[in-house]
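For the record, in the sequence shown the residue sitting at position 40 is 51 according to the working numbering, with numbers rising by one throughout.
One structure is given here, and the rest of the page talks about it.
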Amino acid sequence: MSGQISAAPGAAHSARAGDAAALAIESASVPDAGPTAAAVLGATPAATPDSAETKRKIANRLRRAHGQLAAVIAAVEGEAHCRDVVQQLSAVTKALDRAGYLVISNAMQECLADPDAEGSAKPDELEKLFLSLA
12 MSGQISAAPG AAHSARAGDA AALAIESASV PDAGPTAAAV LGATPAATPD
62 SAETKRKIAN RLRRAHGQLA AVIAAVEGEA HCRDVVQQLS AVTKALDRAG
112 YLVISNAMQE CLADPDAEGS AKPDELEKLF LSLA
């Protein structure tokens with residue numbers, strides 16, 4: 012096969028990778044992932060003045076990762092070369108890691124701004140979360 016990724020038998024092939032990516036995004040079903048990152052980290056609604064901007068940045072990073080993952084799926088279904096698939100997988104991984112670091116960075120800033128806030132994440136909890144991404 013010399014580096015080609017084969018689709019599962021009976022899988023539909025799209026003439027264009029963009030069509031397959033769009034279809035993958037439209038038909039993707041995302042299971043409930045449990046509590047939000049803010050709930051896990053104990054973020055308070057008005058924790059920092061730029062929390063809305065930070066949330067927007069995190070959401071944008073996750074949307075980018077979602078699009079990259081759809082491209083990986085399309086590449087696999089389109090029998091793309093393994094080099095291309097691995098390169099796209101690497102991009103997805105980095106995008107998710109960066110989103111996670113941004114979530115933790117925001118929680119650390121909130122913790123430093125008001126360490127005694129009710130429900131706020133404690134430094135040891137933040138350290139564990141940070142190390143889980145490393």
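The beta carbon of each residue, even a glycine, is placed where N, CA and C say it ideally should be.
Could you work out which residue in 111, 82, 97 is closest to residue 73 when comparing CA atoms only? Counted from its first residue, the sequence shown places residue 73 at position 62. It is 111.
To the nearest angstrom, how far is it from the Cα of residue 132 to the Cα of residue 103? Numbered from its first residue, the sequence shown carries residue 132 at position 121. Numbered from its first residue, the sequence shown carries residue 103 at position 92. Whole-angstrom Cα-Cα distance: 28 Å.
Residue 65 versus residue 75 - alpha carbon distance: On the sequence shown, position 54 is the one that residue 65 refers to. On the sequence shown, position 64 is the one that residue 75 refers to. Their Cα atoms are separated by approximately 15 Å.
Would you call the CB atoms of residue 140 and residue 115 closer than 8 Å? The residue you call residue 140 lines up with position 129 of the sequence shown. The residue you call residue 115 lines up with position 104 of the sequence shown. A contact, by the Cβ cut-off of 8 Å.
Let me confirm a value: residue 135 is counted as buried when at least 16 other C-beta atoms fall within 10 Å, else exposed. Which label applies? By 1-based counting over the sequence shown, the position of residue 135 is 124. By the neighbour-count rule (16 or more Cβ atoms within 10 Å), residue 135 is not buried but exposed.
Residue 94 to residue 68 span [Cα, whole Å]: Along the sequence shown, read from residue 1 onward, the residue named residue 94 stands at position 83. Along the sequence shown, read from residue 1 onward, the residue named residue 68 stands at position 57. Each residue's Cα considered, the two are about 29 Å apart.
Compute the Euclidean distance between the alpha carbons of residue 54 and residue 113, then round it to the nearest angstrom. Translated into positions along the sequence shown, residue 54 becomes position 43. Translated into positions along the sequence shown, residue 113 becomes position 102. Per-residue confidence for residue 54 stands at a pLDDT of 47, beneath the threshold of 50, marking its modelled position as unreliable; no derived number is given.
If we count the other Cβ atoms within 10 Å of its Cβ and call it buried at 16 or more, is residue 144 buried or exposed? For the purposes of this step, residue 144 is taken as residue 133 along the sequence shown, with counting starting at 1. Exposed, since its Cβ has fewer than 16 Cβ neighbours within 10 Å.
Determine whether the beta carbon atoms of residue 119 and residue 107 lie at a separation below 8 Å. Within the sequence shown, the letter at position 108 stands for residue 119. Within the sequence shown, the letter at position 96 stands for residue 107. Contact: no.
Can you tell me where the alpha helix (DSSP H) holding residue 62 begins and where it ends? Within the sequence shown, numbered from 1, the residue matching residue 62 stands at position 51. Where residue 62 is concerned, the enclosing alpha helix (DSSP H) stretches over 62-88.
What do you reckon, are the CB atoms on residue 99 and residue 124 nearer than 8 Å? Counted from its first residue, the sequence shown places residue 99 at position 88. Counted from its first residue, the sequence shown places residue 124 at position 113. Pairing residue 99 with residue 124 gives a Cβ-Cβ distance that is not under 8 Å.
Output the distance between the C-alpha atoms of residue 37 and residue 127, rounded to the nearest integer angstrom. By 1-based counting over the sequence shown, the position of residue 37 is 26. By 1-based counting over the sequence shown, the position of residue 127 is 116. Reliability of the predicted coordinates at residue 37 is poor, the pLDDT of 40 falling under 50, and the value obtained from them is presented with this limitation in mind. It is roughly 43 Å from the alpha-carbon of residue 37 to the alpha-carbon of residue 127.
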